[in-house]
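*Asks:* Can you keep this structure in mind? I'll have questions shortly.
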Amino acid sequence: MVMSSQLEQRLLEIYQRLLSRYGPQNWWPADEPFEVVVGAILTQATSWKNVEKAIFNLKKADALRPAALRELELEELYQLIYPCGFYKVKALKLKAFANHLAGYGDDLDRLFSQDLGELRQELLSIYGIGEETADSILLYAANKPVFVIDAYTRRIVSRLGLLPQASSYSALQSFFMENLPRNTSLYNEYHALLVRHGKETCRRAPLCQGCCLKNLCSSPRPGL
DNA sequence: GCCCAGGGGGCTC
DNA sequence: GAGCCCCATGGG
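What follows is the structure in structure tokens.
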């Protein structure tokens with residue numbers, strides 16, 4: 000059986016190699032917390048390049064504010080976020096969050112100031128916010144020590160033989176959070192590095208041969 | 001043409 | 001609770 004401290008060492012080794020390879024990623028790429036929230040919703044199943052275009056449009060229209068998002072006609076919002084795809088559902092999601100925030104006087108700090116567990120549940124209750132989006136908001140907008148799991152993380156963890164590809168979100172999240180110190184900065188940089196690494200490496204590449212995580216695989220499965 | 005991108009909701013079984 | 005399908009633009 001692998002002791003927890005050994006898992007921690009392995010996870011920290013992965014982190015150090017990614018950090019050495021790519022350097023600090025300085026996430027989240029946004030000017031302020033509300034922009035993080037908007038970006039987290041818009042980037043669902045969408046490349047960040049397309050999200051940048053939508054955010055640029057929102058800023059130009061002075062619409063990157065909760066009140067503005069509420070007041071905009073749906074058709075206008077469609078046009079602003081059109082480049083990032085799924086624009087009809089995403090427009091509803093942005094309005095849903097803006098409507099929810101109105102209950103806090105449009106003050107994100109007030110929303111974020113409550114108990115972490117309750118806050119996460121509240122975020123999940125909002126239309127369009129699932130586990131990854133909620134955790135991205137908690138980590139990158141509210142600076143809470145919450146590890147974000149995404150498709151890249153799942154793929155990399157699977158390739159390294161740490162957990163099965165089919166593991167649930169909560170299983171993956173627990174794996175990281177129970178084997179790493181509760182540190183917001185560490186979680187921030189770690190997830191950003193996993194995404195960076197996921198983008199840099201070929202999806203179909205067998206294992207991690209030739210990449211910076213080479214020979215960290217505990218149970219090699221060629222051709223995975 | 002194909003595949004996929006920093007997911008989530010709704011529906012079925 | 002798992003397995004589908006739908007949402008849609010833009011780049012490789």
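Counting from 1, position 58 in the first sequence corresponds to residue 57 in numbering that gives the first Met the number 0; the numbering is continuous, with no gaps. C-beta atoms are modelled at their ideal positions from N, C-alpha and C, and glycine is treated no differently. Computed from a prediction, not measured in an experiment: that's the story for all the values here.
(1) When burial is assigned at 16 or more other CB atoms within 10 Å of the CB, is residue 65 buried or exposed?
(2) Specify whether the stretch 68-82 and the stretch 120-136 touch according to this definition: at least 3 beta carbon pairs, one from each stretch, less than 8 Å apart.
(3) Rounded to whole angstroms, what is the Cα-Cα separation between residue 69 and residue 154?
(4) How would you write the range of the alpha helix (DSSP H) that residue 151 sits in, first residue to last?
(5) Go through its chain and collect everything with a Cβ distance to residue 60's Cβ below 7 Å, but skip five positions before and after it.
(6) Let me know the secondary structure DSSP gives residue 55 once reduced to three states.
(7) Secondary structure at residue 15, three-state DSSP: helix, strand or coil?
(8) Between the alpha carbons of residue 84 and residue 195, how many angstroms are there, rounded?
(9) Taking C-beta to C-beta, are residue 200 and residue 144 nearer than 8 Å?
(10) For residue 187, count the other beta carbons within 10 Å of its own beta carbon; 16 or more makes it buried, fewer makes it exposed. Which is it?
(11) Please report the distance separating the alpha-carbon of residue 223 from that of residue 148.
(12) Quick one: using the 10 Å Cβ neighbour count with 16 as the cut-off for buried, is residue 135 buried or exposed?
(13) Give the DSSP-derived three-state secondary structure of residue 195 in the structure shown.
(14) I'd like to know whether the C-beta atoms of residue 54 and residue 93 end up nearer to each other than 8 Å.
(15) Three-state secondary structure (DSSP) at residue 116?
(16) Does DSSP put residue 64 in a helix, in a strand, or in coil?
*Replies:* The short version:
(1) buried
(2) no
(3) 37 Å
(4) 150-158
(5) 79
(6) helix
(7) helix
(8) 22 Å
(9) no
(10) buried
(11) Its pLDDT being 38, under 50, residue 223 is placed unreliably by the model, and the measurement read from it follows with that caveat. Cα-Cα distance, rounded: 20 Å.
(12) buried
(13) helix
(14) no
(15) helix
(16) coil
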